[in-house]
Structures are given as C-alpha cells and as structure tokens.
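Enquirer: Whatever position you read off the sequence shown (first residue = 1), add 497 for my numbering.
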Amino acid sequence: MLVVLDEHKLPVKATPEQILSLQAAILDLPQVPELKTEHYVYNGMYCRKVHIPAGVAVVSKVHKTEHFFIGCAGTLHVSGQGDSYILGPGDVVKSEIGTKRAVFALDDVICMTLHRTDKTDIDDIFEEIVINDPISPYDKDNKLKPEYLNLLEDN
C-alpha cells in the first residue's frame, strides 16, 4: 500500500502485490467520474496526457512497452518499478516493460506518457501499450466504466 510518511519523505516502496491490493481496496471507495485525458499521435509517437485532481489515488494498468513518464504540473507520489519517488514538473522517468504504478496527487497534477508506435488509432495503440485490466474501473479515456457508476464520489 502507498503510505506517505510525512511531507519531507518519499512514500514507502510498494511491492507489485501491494499495488494490486491497493487497486482492489480503491474499488471500495468513491471514484471520480473521469480523469481528463488527451491523446496525441504524431510520426511514430503517442503521447497520453492525464490530469489528476489533488487528493486522488490511481493505480495504472500494466504497460507492455518501454516509454517515458513525464511530470508536467503538480506533485505526484509514485510507487512502482521497485521504486518510490516524487514526480514533479519537468521530471522524466524511463519506464520498463511490466510497469504498474500507484500514484497519489498531492496537488492538481498533469503527467504524460510518451510511447513509440506506428499505429494511429487510439484503440489499437491502447491494446499495443497496456495489458487489459478487467478490474480497472476506467477505460482508455480514463472515464468510469458503466459497471462502476455506482462508485461515483457524489453518491
């Protein structure tokens, strides 16, 4: 589980099993209806830009490809890839195949992943870069799937 020790220390490193446990536990909590997500495709590259509101915890899907994880705005506590760190504006992290992250937004965050691909259709790209996660409550556009609408934070 992702635990913040205090404002000056990094989150405790989480094992893959703990990240999966956190993902299951989060499903019992109210969910935001959507994380604003923008897709950009250009000349063999795909960029996924995600806005995460302050106070929101997210567990990513497992990534099939090497890629960059980039901080654009705000501060994000990240556990994954056997490490824990704070991602801030301008930070660039190399992500390995198999990466699954647990993150917590300390304030409003914008982050991006940047992938190589020859595909241009977002559905095809999503299939190429992440493993389908049937328990993830969010679709490729980070909108809450219909079967999880009962978990909206306003209910």
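For each residue, glycine too, the CB sits at the ideal point set by N, CA and C.
1. Pull up the distance between the alpha-carbon of His574 and that of Ile583, whole angstroms please.
2. Can you confirm whether the region 602-617 touches the region 625-632 when touching is taken to mean that 3 or more C-beta pairs between the two stretches lie within less than 8 Å?
3. Cβ of Gln528 within 7 Å of Cβ of Leu641?
4. From the DSSP output, read off the bridge partner residues of Asp525.
5. On the three-state DSSP scale, how would you describe Glu593?
6. On the premise that Cys608 lies in contact with Phe565, defined as a C-beta separation below 8 Å, what is that separation, rounded to the nearest angstrom?
7. Where in the region 513-592 do unbroken runs of the beta strand (DSSP E), each at least 3 residues long, occur, reported from the N-terminal end onward?
8. I need the boundaries of the alpha helix (DSSP H) containing Ile619, first residue and last residue.
9. So if DSSP puts Leu641 in a beta bridge, which residue, or which two residues, is it bridged to?
10. Please state if the CB of Val556 and the CB of Leu532 are separated by a distance shorter than 7 Å.
11. Work out the CA separation of Lys637 and Ile619 for me, nearest whole Å.
Expert: So, from the data block:
1. 5 Å
2. yes
3. yes
4. Its beta-bridge partners do not exist; DSSP assigns none.
5. coil
6. The Cβ separation is near 11 Å, so there is no contact.
7. 534-539, 542-549, 554-556, 564-570, 573-577, 580-584 and 589-592
8. Ile619 to Ile626
9. Tyr635
10. no
11. 8 Å
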